[in-house]
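In this note's numbering, the protein residues as written are -19 to 238. In this text, a Cβ means the ideal position worked out from N, Cα and C, and glycines have one as well. Everything numeric in this text was worked out from a predicted model, so none of it was measured.
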């Protein structure tokens, strides 16, 4: 039976499509874990190629077919090979993959020393056109306490749940845990999944003694990233879910070091 290949029909509008592909594809992946060697998790994948001007469409099934070639391997360690195969199979000039996944870190409560797991949203964004490029990132929940509120109040100060986002390109190797630690050390206090009363007392007082604006946070993260010779470029954001305002507070710094 001869089935028409409609996607491969010619298109005469002479327009290149920058990205075409599949989004929100869930897939098991293995991530390198500094403490345990590896960690199994589930990623949301977006996979694209550049579509030439003369092609009407791409072959969507091939994205999943090629992805499945890496089912028994560490996809994240083979992203460049995956993108090369994608480019070749789909006759594309560029290929892209975005992965978002929960990454779990074992944390010990500061006073009781009870252990628990905390999930961080992590990101890998890889592309292959003329050269292979990889950006990794983390979203880190933290606590911040307002310096202004502390300065003007006779008793107490308002604090908030905050999120620090860091994305970097780099040479060599950078652990996700390193980026998480940079973010947490730049906040008023890190957060934990499990706190007993002595731990809660500690984190409350730690935040009160270490007030931070969103501006303070992005500047401190910037200082730490700029001092790391592995980092080539970075993008850092800090956003406070304000406890006394309906709006959020936000700051961002993006730099290319080399």
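Closest to residue i by CA distance: which of the options is it?
i, options, result
"residue 222", "43, 189, 137, 163", "137"
"residue 220", "34, 139, 161", "139"
"residue 94", "182, 226, 3, 176", "176"
"residue 228", "173, 141, 10, 45", "141"
"residue 148", "201, 52, 96", "201"
"residue 40", "61, 19, -1", "-1"
"residue 218", "88, 92, 167", "167"
"residue 4", "81, 20, -6", "81"
"residue 54", "37, 18, 88", "18"
"residue 52", "120, 11, 97, 165", "11"
"residue 130", "225, 208, 170, 187", "187"
"residue 224", "62, 56, 98, 128", "128"
Can you tell me the Cα-Cα spacing of residue i and residue j, whole angstroms?
i, j, result
"residue 135", "residue 84", "37 Å"
"residue 180", "residue 86", "18 Å"
"residue 216", "residue 206", "12 Å"
"residue 163", "residue -9", "48 Å"
"residue 132", "residue 178", "28 Å"
"residue 13", "residue 116", "14 Å"
"residue 101", "residue -18", "46 Å"
"residue 15", "residue 153", "15 Å"
"residue 49", "residue 64", "13 Å"
"residue 110", "residue 190", "46 Å"
"residue 161", "residue 36", "47 Å"
"residue 120", "residue -7", "45 Å"
"residue 89", "residue 156", "20 Å"
"residue 114", "residue 208", "17 Å"
"residue 143", "residue 6", "24 Å"
"residue 226", "residue 68", "50 Å"
When you compare the CB positions of residue i and residue j, do they come within less than 7 Å of one another, or not?
i, j, result
"residue 210", "residue 150", "yes"
"residue 231", "residue 183", "no"
"residue 27", "residue 8", "no"
"residue 46", "residue 66", "yes"
"residue 43", "residue 2", "yes"
"residue 159", "residue 118", "yes"
"residue 96", "residue 174", "yes"
"residue 171", "residue 212", "no"
I'd like to know if residue i contacts chain C, where contact means its C-beta is closer than 7 Å to some C-beta of that chain.
i, result
"residue 25", "Protein chains in the displayed structure number just one, and chain C is not present."
query = Taking one C-beta from the stretch 22 to 33 and one from the stretch 56 to 72 each time, how about it: are there three or more such pairs within less than 8 Å?
reply = Yes: the two stretches touch, three or more of their Cβ pairs being nearer than 8 Å.
task = Count the C-beta pairs between the stretch 107 to 126 and the stretch 191 to 198 that are closer than 8 Å, then say yes if the count reaches three, no if not.
result = Flag = yes, the stretch 107 to 126 and the stretch 191 to 198 touch.
key: Uninterrupted alpha helix (DSSP H) stretches inside the stretch 164 to 231 (no shorter than 4 residues)   = You should have 177 to 188, 194 to 206.
ask   = At a cut of 8 Å, does the stretch 94 to 111 reach the stretch 76 to 83 through at least three beta carbon pairs?
value = Yes, the stretch 94 to 111 touches the stretch 76 to 83.
request  = Could you pull out every unbroken beta strand (DSSP E) segment of at least 3 residues lying fully inside the stretch -3 to 47, listed in chain order?
outcome  = List check, beta strand (DSSP E) in window: -3 to 13, 17 to 31.
ask   = Which parts of the stretch 95 to 162 are runs of the beta strand (DSSP E), unbroken and 3 residues or longer, counting only runs that do not cross its ends?
value = Complete beta strand (DSSP E) runs here, min 3: 95 to 108, 112 to 125, 139 to 150.
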